[in-house]
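In what follows, a structure is listed as structure tokens, so that the remarks can point back to it.
Residue numbers (my numbering): -18 to 38.
In structure tokens form, the structure reads like this:
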């Protein structure tokens, strides 16, 4: 998996791979949807809201 990609999983088992931005410690700081928009990110629970659903990374 590339450095600028992140794999997301949904509770129903659906998976997706999206682009992301990482900091100097390789921590994910932004995840982008397919159109390049920044998704709402929760670092504590390691999840994003995408397609009106919660996805975990």
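Ideal placement from N, C-alpha and C gives every residue a C-beta, glycine not left out.
Since we're looking at a predicted model, the values are computed, not measured.
Where the beta strand (DSSP E) containing residue i begins and where it ends
i	result
residue -5	Looking at the DSSP string, residue -5 is not in any beta strand (DSSP E), and its letter there is neither H nor E.
residue 27	No beta strand (DSSP E) holds residue 27; DSSP gives it neither H nor E.
residue 35	34 to 37
Under 8 angstroms between C-beta atoms of residue i and residue j
i	j	result
residue -15	residue 1	yes
Alpha-carbon spacing of residue i relative to residue j, whole angstroms
i	j	result
residue 36	residue -9	5 angstroms
residue 29	residue 23	6 angstroms
residue 7	residue -12	15 angstroms
residue 12	residue 31	10 angstroms
residue 20	residue 5	20 angstroms
Spatially closest choice to residue i from the options, by CA coordinates
i	options	result
residue 26	16, 14 and 9	9
residue 15	3, 6 and -3	-3
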